[in-house]
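Asks: For what it's worth, my numbering labels the leading residue of the sequence shown as 489, then goes sequentially.
Would you mind keeping the following structure in view while I ask a few things?
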Amino acid sequence: MATILNTGQVFENATATTPLQTADVNFTIFNVENLSMTKTVDRPGEIYFTGQQIVFTITIDNNGDEALTGLRFTDTIDPSVNPVSGTDFTITTTSGTVTSASRDIIVDGISVPVGGSVTITITGVIA
489 MATILNTGQV FENATATTPL QTADVNFTIF NVENLSMTKT VDRPGEIYFT GQQIVFTITI
549 DNNGDEALTG LRFTDTIDPS VNPVSGTDFT ITTTSGTVTS ASRDIIVDGI SVPVGGSVTI
609 TITGVIA
């Protein structure tokens with residue numbers, strides 16, 4: 489990430505060299521190349537049958553030189569997968585807070601340290 493300072497200036501006319509007013513703004517640029525994510529299943533290449541449990545594992549990696557904070561992860565689970573019981577999926581995360589465990593899963597407030605990773609698992613059952 490890089491913090492950029494941008495300054496705007498107003499001059500009296502086209503030949504003036506001293507600004508009448510200036511305004512600054514700082515903003516941060518995030519290089520998405522420093523962030524990577526993978527999603528796998530617990531039995532890759534196998535066929536799942538009705539009633540079998542399935543575990544999705546999501547790994548978010550920070551390959552950059554600054555810690556990432558406040559990230560949000562979302563995942564809409566296909567209707568062919570249901571919660572193991574009840575209405576919510578079983579979700580674990582090594583960072584952040586699960587704010588929705590229904591079919592539209594949300595994990596907020598994820599922090600990934602420099603060179604680190606966060607793992608989120610979602611457990612369901614084939615419908």
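Think of the CB as a built atom: it goes at the ideal place given N, C-alpha and C, for glycine as much as any other residue.
1) Let me make sure I understand the geometry here. Which of Thr505, Pro571, Leu559 has the alpha-carbon closest to that of Ser590?
2) Can you tell me the Cα-Cα spacing of Ile517 and Gly603, whole angstroms?
3) Taking the alpha-carbon of Gly498 as reference, which of Ile492, Thr506, Thr491 has the nearest alpha-carbon?
4) Return yes when the Cβ of Thr609 is within less than 8 angstroms of the Cβ of Ile565, no when it is not.
5) For a test of the three-state rule: what should DSSP assign to Val602, helix, strand or coil?
6) On the CB-based measure, 16 or more other CB atoms within 10 Å of its CB, does Phe544 come out buried or exposed?
7) Are Val606 and Thr587 closer than 8 angstroms when you measure CB to CB?
Replies: Here's the rundown:
1) Here residue 590 corresponds to residue number 102 of the sequence shown, with the count starting at 1. Ranking Thr505, Pro571, Leu559 by Cα distance to Ser590 puts Pro571 first.
2) One-based indexing of the sequence shown puts residue 517 at position 29. One-based indexing of the sequence shown puts residue 603 at position 115. Cα-Cα distance, rounded: 19 angstroms.
3) Within the sequence shown, numbered from 1, the residue matching residue 498 stands at position 10. Strictly speaking, residue 498 in this sequence is Val, with Gly absent from that position. Of the listed residues, the one whose Cα sits closest to Val498 is Thr506.
4) On the sequence shown, position 77 is the one that residue 565 refers to. On the sequence shown, position 121 is the one that residue 609 refers to. No, the pair does not count as a contact, with Cβ atoms beyond the cut-off.
5) One-based indexing of the sequence shown puts residue 602 at position 114. Val602 falls in the coil class under three-state DSSP.
6) As a working mapping, residue 544 is identified with position 56 in the sequence shown. Buried: at least 16 other Cβ atoms inside 10 Å.
7) Counting from one through the sequence shown, the residue named residue 606 turns up at place 118. Counting from one through the sequence shown, the residue named residue 587 turns up at place 99. Not closer than 8 angstroms, so no.
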